[in-house]
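See structure below.
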Amino acid sequence: MKECVTFMRILKTIMTNHYILKFLILLLIISCKQESGKKILRRIINNTEHQIKIKIGNNGSSIYQNSILPYDTLNIEGTCGSDERDDICFAGWRSANHGTIIFSDSMKLMTTFDLSSGLACDVKTINAHVGWCYGYSLNEDDEDGVDVYTFTITEEDFENAIPIQN
């Protein structure tokens, strides 16, 4: 009978430890954070004396808008790559078919993005995907392991803009 009591105590200890082990494994699984991709930063530099507004959209609908003061910078946080889609980045927008840069509410520069024409690294298009040239330059691991994609708006862009008709 004494052996049975001892066996029951051992069995109880194993079962208790088994539940503790299951709980610890479950806690470990729940607390693990899945990596959703590399952190990036879309940096838009206003290198002009004009306050600018940026409007990004698809087929007439707006998906992103923001303003940048003269000689100031806009940083938009995002991520690139997850799983098998490591070429996909999102920071404010992925890519959109039109973008508008408005200078001091008087001039505008409109850009379009059409992937069907292929990559055109000599074309400057603010509404493009950050990883596909189009005026964006990459500074790898520039800040705390974050890839920074920089787009600079210049006085030349202002000179290429057209007056806004009221």
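Every position in the sequence shown, counted from 1, becomes a number in our numbering once 1090 is added.
All residues carry an ideal CB built from backbone N, CA and C; glycine is no exception.
**Q.** Expected contact under 8 Å - CB spacing of Thr-1169 and Phe-1180 to nearest Å
**A.** Along the sequence shown, one-based indexing puts residue 1169 at 79. Along the sequence shown, one-based indexing puts residue 1180 at 90. That belief holds up - the Cβ atoms of Thr-1169 and Phe-1180 are roughly 6 Å apart, short of 8 Å.
Q: Tell me Ala-1251's beta-bridge partners as DSSP assigns them.
A: As a position in the sequence shown, residue 1251 is number 161, starting the count at 1. For Ala-1251, which the question treats as bridged, DSSP gives no partner whatsoever.
**Q.** Cβ shell of Tyr-1226 (< 6 Å), same chain only, five flanking positions each side left out
**A.** Walking along the sequence shown from the start, residue 1226 turns up at place 136. For Tyr-1226, same chain residues with a beta-carbon under 6 Å away, outside a window of 5 residues either side, are Val-1220, Tyr-1239, Phe-1241 in chain order.
Q: Return the chain-ordered list of same chain residues with a C-beta closer than 7 Å to the C-beta of Arg-1132, the five sequence neighbours on each side being excluded.
A: Here residue 1132 corresponds to residue number 42 of the sequence shown, with the count starting at 1. Shown here for Arg-1132: same chain residues with a beta carbon closer than 7 Å to its own, the five before and five after excluded, namely Ile-1166, Gly-1168, Ala-1181, Gly-1182, Val-1220, Tyr-1239 in chain order.
(Q) On the DSSP bridge list, what partners appear for Ser-1152? (A) As a first step, residue 1152 must be located in the sequence shown, where it is residue number 62. DSSP lists Gly-1147 as partners of Ser-1152.
Q: Give the single residue among Thr-1244, Asn-1229, Gly-1147 whose Cα lies nearest to the Cα of Asn-1217.
A: Here residue 1217 refers to the residue found at position 127 when the sequence shown is read from its first residue. Among Thr-1244, Asn-1229, Gly-1147, the Cα nearest to that of Asn-1217 is on Gly-1147.
Q. Between Leu-1156 and Asn-1187, which are expected to be in contact by the criterion C-beta below 8 Å, what is the C-beta distance as a whole number of angstroms?
A. The count along the sequence shown starts at 1 and reaches residue 1156 at position 66. The count along the sequence shown starts at 1 and reaches residue 1187 at position 97. Note that residue 1156 is Asn in the sequence shown here, rather than Leu. Your pair Asn-1156 and Asn-1187 does not check out as a contact, with CB atoms roughly 18 Å apart and the cut at 8 Å.
Q | Cβ-based burial, Tyr-1224 [other Cβ within 10 Å; buried from 16] | A | Taking the sequence shown and counting its residues from 1, the one referred to as residue 1224 is at position 134. By the 10 Å Cβ count, Tyr-1224 comes out buried.
(Q) I'd like to confirm the pairing. Which residues does DSSP put opposite Arg-1132 in its beta bridges? (A) By 1-based counting over the sequence shown, the position of residue 1132 is 42. Within the DSSP bridge table, the entry for Arg-1132 names Ile-1166, Tyr-1239 as partners.
Q: With DSSP as the reference, label Leu-1111 as helix, strand or coil.
A: On the sequence shown, residue 1111 is found 21 positions in, with the first residue counted as 1. Note that Leu-1111 has pLDDT 49, beneath the 50 cutoff, so the model's placement of it is unreliable and no number is given.
(Q) Would Gln-1141 and Ile-1158 be called neighbours here (beta carbons separated by less than 9 Å)? (A) Within the sequence shown, numbered from 1, the residue matching residue 1141 stands at position 51. Within the sequence shown, numbered from 1, the residue matching residue 1158 stands at position 68. Taking 9 Å as the Cβ cut-off, Gln-1141 and Ile-1158 qualify as a contacting pair.
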